[in-house]
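In our numbering, the protein residues as written are 63 to 141.
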Ligand SMILES: [Zn+2]
């Protein structure tokens, strides 16, 4: 029996989508978007703050036992 555990990735705001080179998760829209989306649609938003907020939400879910994971070195457009 080949039992594979399917792990679902959690994407925080501005995280790069696995398997892509230029698609990111936008937490404001709950959509997968291209880089230009962030300046075009959210020019005055604090993306670092939003990133931290989504990460914090996920940490809470994790402590309650979510099956989604996010690697510590998950690629993100934020630096
Ligand atoms: Zn957006």
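Just so you know, even glycine gets a beta-carbon here, dropped at the ideal spot from N, CA and C.
Listed in chain order, the non-local C-beta contacts of residue 139 below 6 Å within the same chain comprise 76, 86, local neighbours out to five positions each way being set aside. Looking at 91, 74, 98, the one whose alpha-carbon comes closest to that of residue 84 is 98.
Residue 120 places its beta carbon less than 8 Å from that of residue 72. Taking C-beta atoms under 8 Å as the contact rule, residue 78 and residue 137 qualify, at a distance of about 4 Å.
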